[in-house]
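FYI, the numbering for the sequence shown is 320 to 733, going by my numbering. Backbone N, C-alpha and C fix where the C-beta goes; we use that ideal spot for every residue, glycine too. Quantities reported herein were computed from a predicted structural model and do not represent experimental measurements. To keep things clear, I will list the structure first and then write my remarks on it.
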Amino acid sequence: MKILSADFLLVCNDEFEILENAAICFDKKIIDVGSREEIVERYKDVKELYLGKNSLLMPSLVNTHVHLEFSSNRTYLKYGDFLRWLGSVIKYREIISKECKEECYKNALNQMLKSGVGIFGEISSRGESLSYCVNAPQKVLFFNEILGSQPEVVDILYNDFLNRLKESKKYASDKFIPSISVHSPYSTHPILIKKSLEIARSENMIVSTHFMESRAEREWLDRGEGDFKRFFREFFPHIPVIKPLNSAKEFLKSFIGVRTLFTHALFATREEFEMMKDLGGSVIHCPISNRLLNNAVLDLKLLEEMKLSYSVGTDGLSSNYSLNMWNELRAALFLHFDRDLISLSKSLILASTKEGAKALGFNSGVLEKGRSADIIAVKLPGECEVQEIAYHLILHTREVEKIFIDGEEECPIS
Numbered sequence: 320m321k322i323l324s325a326d327f328l329l330v331c332n333d334e335f336e337i338l339e340n341a342a343i344c345f346d347k348k349i350i351d352v353g354s355r356e357e358i359v360e361r362y363k364d365v366k367e368l369y370l371g372k373n374s375l376l377m378p379s380l381v382n383t384h385v386h387l388e389f390s391s392n393r394t395y396l397k398y399g400d401f402l403r404w405l406g407s408v409i410k411y412r413e414i415i416s417k418e419c420k421e422e423c424y425k426n427a428l429n430q431m432l433k434s435g436v437g438i439f440g441e442i443s444s445r446g447e448s449l450s451y452c453v454n455a456p457q458k459v460l461f462f463n464e465i466l467g468s469q470p471e472v473v474d475i476l477y478n479d480f481l482n483r484l485k486e487s488k489k490y491a492s493d494k495f496i497p498s499i500s501v502h503s504p505y506s507t508h509p510i511l512i513k514k515s516l517e518i519a520r521s522e523n524m525i526v527s528t529h530f531m532e533s534r535a536e537r538e539w540l541d542r543g544e545g546d547f548k549r550f551f552r553e554f555f556p557h558i559p560v561i562k563p564l565n566s567a568k569e570f571l572k573s574f575i576g577v578r579t580l581f582t583h584a585l586f587a588t589r590e591e592f593e594m595m596k597d598l599g600g601s602v603i604h605c606p607i608s609n610r611l612l613n614n615a616v617l618d619l620k621l622l623e624e625m626k627l628s629y630s631v632g633t634d635g636l637s638s639n640y641s642l643n644m645w646n647e648l649r650a651a652l653f654l655h656f657d658r659d660l661i662s663l664s665k666s667l668i669l670a671s672t673k674e675g676a677k678a679l680g681f682n683s684g685v686l687e688k689g690r691s692a693d694i695i696a697v698k699l700p701g702e703c704e705v706q707e708i709a710y711h712l713i714l715h716t717r718e719v720e721k722i723f724i725d726g727e728e729e730c731p732i733s
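Take a look at the structure:
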C-alpha cells in the first residue's frame, strides 16, 4: 500500500469535489480517500509521501481518440479544409506510415504519459501500432478500424479487418482491450458496417466511429452533392454513378445494441444527438483537430442541455501538433469563448477524467474507494482559491509530477 498526500485532491465526481490537505491510500485499487490527518492515522503502518506546497492529486487523464499510426506527420498534411486534408492523407499515407518506427511510437506514448494520460483509445487502421499499444505503460482500448466503400473489394477488406482483430485479441488483458472502429458513414460500405457490428454486439464491445466531422459530409449524406461528390469523382473516376453509401439516420440505426463513441459530431443535428443518446452513446470532442480541419466548434451547450455525455481526445498528429492533453484542454477553453470560464473548466476536466474512463469502459476517472488507482500528481504554479483551481490547472499544467497506473508509478519509455 501507498499513501500520497497533497494540498488539494480533485475527486472528479459529479459535484466536482475538491478536498484540501487531503490524502489517498491505495494499492492496485483505491483503498481510502480523506483528510491527510485521518488517512495517516488510519493507516499508521503505511509510509506517507507528501507532494509539497501547491500540490494536487487527481485521476489520470483519458485521451479517448488518437491515431498513433500518423505520429510521424509534421508538415506533410494540409489544413484549413477537411477535403483538402483528406486528399493529402491519401497522397502521403504510405510515407507517414514508413517514417513512424519504434522511436516515433515511443515519443507519442511518452508525450501522452508525461501529460498525465493513463488511458487512451487508439484507432488502428493497419495494425501497425499494435505491439506498441500492447507494451504501453497506459491502459488501451484498441479499436481495429474497418473502412472501404467499393463493393468489389468488400470481402478482401473484411478479411483483412478480421485478421487484425484476431491478432489483437491474442494480447487481450485488463490493460489492453481489443475492439472495433467503423470509420465513417461516407467511407464504409453498409455490408462492412453490418458484419463488424454483429461482432461488436455478440462480444459486447465498445465501438468508435467518426460522424459529421465536416460540412462536406453533412451535404453529401443529406443530398448527395457538394465537395464530397467532386472528391469521389476525382479519386474514383471509373464509377459511373456516385452516391452516398449511407444516410445519416441509417448509419446511426446501425449501432442499435452497440455502445458507441461518436467522434467529432460538429455538424450533427439535435435529432441525431437524440439518437446517439437513445443508443447509450457519447460524443468525443477533438477541439484542435476540429479547428485545423473544419474551423468549427462542437456545441457543448446543446450536449449539456440534452445531458449527452462527452469526453476529450487529441485525435492523431495527422490533425494536431501535440498529443499533450493539457494543450487540448487549453484550446477548448479558448475556443468555447461563449461559455462561463469556471463551469467550462470543470466540465472539461470531468470530460477528460470521469467521462473519458466511462466512455472507454475502465473503472477509473474518479478518486474514490474501489476504483482503479490511476492517479496523477500536479503542481499548481502558486497559491489559489479552491473555486479557481479548475481553470488554473488547465492554463498552467504542461506535464505532471507523477503518474500511477493501477497503483504503480510509471516513467517515460526509454
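Buried or exposed for residue i, please, with buried defined as at least 16 other CB atoms from any protein chain shown within 10 angstroms of its CB.
{"i": "cysteine 730", "result": "exposed"}
{"i": "arginine 534", "result": "buried"}
{"i": "tyrosine 629", "result": "buried"}
{"i": "glutamate 422", "result": "exposed"}
{"i": "serine 521", "result": "exposed"}
{"i": "methionine 431", "result": "buried"}
{"i": "histidine 508", "result": "buried"}
{"i": "proline 504", "result": "buried"}
{"i": "leucine 621", "result": "exposed"}
{"i": "proline 556", "result": "exposed"}
{"i": "isoleucine 512", "result": "buried"}
{"i": "phenylalanine 723", "result": "buried"}
{"i": "phenylalanine 656", "result": "exposed"}
{"i": "phenylalanine 345", "result": "buried"}
In angstroms, rounded to a whole number, what distance separates the CA positions of residue i and residue j?
{"i": "valine 616", "j": "leucine 648", "result": "13 Å"}
{"i": "tyrosine 369", "j": "leucine 714", "result": "24 Å"}
{"i": "phenylalanine 461", "j": "serine 498", "result": "6 Å"}
{"i": "phenylalanine 750", "j": "histidine 583", "result": "Any answer about residue 750 is impossible in this case: the structure gives the chain only from 320 up to 733."}
{"i": "glycine 680", "j": "isoleucine 525", "result": "8 Å"}
{"i": "lysine 488", "j": "arginine 445", "result": "15 Å"}
{"i": "tyrosine 411", "j": "leucine 580", "result": "28 Å"}
{"i": "isoleucine 438", "j": "valine 560", "result": "44 Å"}
{"i": "glutamate 687", "j": "isoleucine 343", "result": "9 Å"}
{"i": "glutamate 418", "j": "arginine 361", "result": "53 Å"}
{"i": "phenylalanine 570", "j": "isoleucine 358", "result": "51 Å"}
{"i": "alanine 591", "j": "serine 391", "result": "Contrary to the premise, residue 591 reads as glutamate rather than alanine in this sequence. The alpha-carbon atoms of glutamate 591 and serine 391 are separated by roughly 35 Å."}
{"i": "phenylalanine 335", "j": "arginine 549", "result": "48 Å"}
{"i": "lysine 677", "j": "glycine 684", "result": "8 Å"}
{"i": "tyrosine 490", "j": "valine 453", "result": "7 Å"}
{"i": "glycine 701", "j": "threonine 528", "result": "41 Å"}
{"i": "leucine 328", "j": "glutamate 356", "result": "14 Å"}
{"i": "arginine 578", "j": "lysine 721", "result": "32 Å"}
{"i": "tryptophan 645", "j": "alanine 341", "result": "24 Å"}
{"i": "arginine 542", "j": "phenylalanine 495", "result": "41 Å"}
{"i": "phenylalanine 551", "j": "tyrosine 398", "result": "19 Å"}
{"i": "cysteine 331", "j": "isoleucine 661", "result": "15 Å"}
{"i": "valine 602", "j": "phenylalanine 480", "result": "24 Å"}
If you measure between the beta carbons of residue i and residue j, is that distance less than 9 Å?
{"i": "leucine 484", "j": "glutamate 441", "result": "no"}
{"i": "lysine 458", "j": "alanine 692", "result": "no"}
{"i": "leucine 627", "j": "methionine 595", "result": "yes"}
{"i": "asparagine 382", "j": "threonine 633", "result": "yes"}
{"i": "serine 515", "j": "isoleucine 575", "result": "no"}
{"i": "serine 638", "j": "tyrosine 710", "result": "no"}
{"i": "leucine 652", "j": "arginine 610", "result": "no"}
{"i": "isoleucine 695", "j": "methionine 320", "result": "no"}
{"i": "leucine 585", "j": "proline 563", "result": "no"}
{"i": "leucine 699", "j": "leucine 375", "result": "yes"}
{"i": "glutamate 544", "j": "glutamate 536", "result": "no"}
{"i": "serine 666", "j": "glutamate 623", "result": "yes"}
{"i": "histidine 604", "j": "alanine 519", "result": "no"}
{"i": "glycine 435", "j": "glutamate 718", "result": "yes"}
{"i": "isoleucine 708", "j": "alanine 650", "result": "no"}
{"i": "arginine 589", "j": "methionine 625", "result": "yes"}
Could you work out which residue in the options is closest to residue i when comparing CA atoms only?
{"i": "threonine 716", "options": "Asp597, Leu380 and Leu564", "result": "Leu380"}
{"i": "isoleucine 732", "options": "Ala491, Leu667, Tyr424 and Asp541", "result": "Tyr424"}
{"i": "glutamate 486", "options": "Leu449, Glu538 and Gly635", "result": "Leu449"}
{"i": "tyrosine 395", "options": "His384, Leu402, Phe401 and Val408", "result": "Val408"}
{"i": "aspartate 546", "options": "Leu712, Arg361, Leu402 and Glu728", "result": "Leu402"}
{"i": "histidine 384", "options": "Arg361, His502, Phe327 and Asp351", "result": "His502"}
{"i": "leucine 598", "options": "Ile607, Lys572, Phe480 and Leu540", "result": "Lys572"}
{"i": "isoleucine 415", "options": "Trp539, Glu447 and Leu699", "result": "Glu447"}
{"i": "aspartate 326", "options": "Lys372, Asp364, Val352 and Ile350", "result": "Lys372"}
{"i": "alanine 427", "options": "Pro456, Lys568, Val472 and Gly406", "result": "Pro456"}
{"i": "aspartate 725", "options": "Arg690, Phe554, Glu367 and Asn614", "result": "Arg690"}
{"i": "aspartate 493", "options": "Asn682, Thr588, Leu712 and Gln706", "result": "Asn682"}
> Residue ranges of each beta strand (DSSP E) run of no fewer than 3 residues wholly in the segment 451 to 481, ordered along the chain?
Replying inline: 458 to 465
> Mind pulling the beta strand (DSSP E) runs of 3 or more residues that sit fully within the segment 354 to 433?
Replying inline: 367 to 369, 374 to 378 and 380 to 385
>> Please give me, in chain order, every unbroken run of the alpha helix (DSSP H) with length at least 4 that falls completely inside the segment 619 to 663.
In response: The segment 619 to 663 contains these whole alpha helix (DSSP H) runs: 619 to 625 and 644 to 654.
> Residue ranges of each beta strand (DSSP E) run of no fewer than 3 residues wholly in the segment 514 to 544, ordered along the chain?
Replying inline: 525 to 530
>> As an exercise, report each continuous beta strand (DSSP E) stretch of at least 3 residues that is fully enclosed by the segment 697 to 733, in chain order.
In response: 721 to 724
>> At 3 residues or longer, what runs of the beta strand (DSSP E) sit wholly inside the segment 554 to 629?
In response: 578 to 583 and 601 to 604
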